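One structure below.
Shown next, in the form of structure tokens:
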């Protein structure tokens, strides 16, 4: 049987890993796919470097559109990244009748509804396992392995940079800014780490998982996003004393009205969270990723592994290549939909709830005057708002500073878990 011919757009870290793993494990991949899969054309602006990576027998060009226009190419791998030219190329590949494999979570989180609709209309696949959690096969688990379940919630450590920073802050007692510089020196953080440390990268990923889990369109613009830049070594230490660890979690949850049992909507949020230290996910350290999924039939399942890197991400790219190869001649009307639901199906009208409507526990660190009656006032305010206290920690005064009236008073921290 004729091999599937693949065109690769961008041969950077993930692209070179994909070419290397595909070539190294060629026989095994052929056996699993049912036919050969060959990268026969590569587009990259640095043609000389690309040629040095792929050697003879692969056509290398500097124009990605030449790959899309080649009638012999069956699948296009998009590894350019970003929202701009990558979006244009993906849409052009779909229009040309090419299947697409991509690791571009930002593109799909923002423009996924448009892209998947175009692919559905054209009868081609857009596969994106590599877009979420690198080498962890979480997309396949949600679309296929857990298909018998009503998914109740997903919570994941899905950004290695922030998990490395939080792990180092806890292990070494250092503040955020110090650890960020160390992460950049070691290559765990980009020169501009904004997307990672502000939670945007994690929000892209949880948006895609939410769409698959709950059968709703991708709605990144409605996600609540909070990063880790405001966390201090004190917060990490206080959490430890209360039996928790702080992790940046991407969370999506089916929200049910407690009185009527009717669905209220979908929670979609990224923020630092206190996780009981005995939980498995609380002990995911360094740059590793983990995703917990709660299903009504299977219960709680945990998926753990490397969330980034050349070959871990390449593993996911090639898994998609194999899936698309298997389905290449299948009836397009009977394929598993891209987000595991058909547009217009029941459930896709569930709203994403604003954070103000989400009921959950909170961690509060209050800097207060070390005076009689202060704690009573704080608890009174919470009681008036019908907020109960789960745990509380009060430290001895550790600083003298001016209060609102300019008087010098002793100050301390009050830590409250609601």
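Residue numbers (my numbering): 247 to 664.
Every residue, glycine too, gets a C-beta built ideally from N, C-alpha and C.
Being a predicted model, the structure only gives us computed values, none of them experimental.
With respect to the beta strand (DSSP E) encompassing residue i, which residues constitute its N-terminal and C-terminal limits?
i           : result
residue 536 : 534-541
residue 402 : 397-403
residue 484 : No beta strand (DSSP E) contains residue 484, which is instead part of the alpha helix (DSSP H) from 479-487.
residue 291 : That residue, residue 291, is in no beta strand (DSSP E); it is neither H nor E in DSSP.
residue 635 : Where residue 635 is concerned, there is no enclosing beta strand (DSSP E), given that its DSSP letter is neither H nor E.
residue 506 : Run containing residue 506: none; DSSP gives neither H nor E here.
residue 393 : Residue 393 -> no beta strand (DSSP E), and no H or E assigned at all.
Could you give the C-beta distance for residue i and residue j, rounded to a whole number, given that I count them as a contact under 8 Å?
i           : j           : result
residue 421 : residue 478 : 6 Å
residue 321 : residue 567 : 6 Å
residue 466 : residue 604 : Not confirmed; about 17 Å, so no contact.
residue 521 : residue 452 : So it is not a contact: roughly 16 Å between Cβ atoms.
Can you tell me which of the three DSSP states residue i falls into?
i           : result
residue 545 : strand
residue 249 : coil
residue 664 : coil
residue 470 : strand
residue 297 : helix
residue 430 : helix
residue 496 : strand
residue 329 : coil
residue 475 : coil
residue 302 : coil
residue 501 : strand
residue 519 : strand
residue 550 : strand
residue 385 : helix
residue 277 : helix
residue 465 : coil
residue 257 : coil
residue 421 : coil
residue 375 : helix
Apart from the five residues on each side of it in sequence, which residues of its chain come closer than 6 Å, Cβ to Cβ, to residue i?
i           : result
residue 310 : 255, 289, 335
residue 468 : 598
residue 247 : 281
residue 514 : 456, 469, 498, 598
residue 266 : none
residue 371 : 345, 570
residue 402 : 496, 537
residue 276 : 282
residue 413 : 531, 532
residue 645 : 657
residue 529 : none
Please report the residue range of the alpha helix (DSSP H) in which residue i lies.
i           : result
residue 628 : 620-630
residue 561 : 556-573
residue 414 : 406-418
residue 454 : 446-460
residue 360 : 351-368
residue 313 : 310-315
On the CB-based measure, 16 or more other CB atoms within 10 Å of its CB, does residue i come out buried or exposed?
i           : result
residue 324 : buried
residue 490 : buried
residue 523 : exposed
residue 405 : buried
residue 360 : exposed
Identify, in the order they occur along the chain, each residue of the same chain with its Cβ nearer than 7 Å to the Cβ of residue i, setting aside the five sequence neighbours on each side.
i           : result
residue 559 : 260, 263, 349, 376, 380, 381
residue 251 : 284, 286, 318, 319, 320
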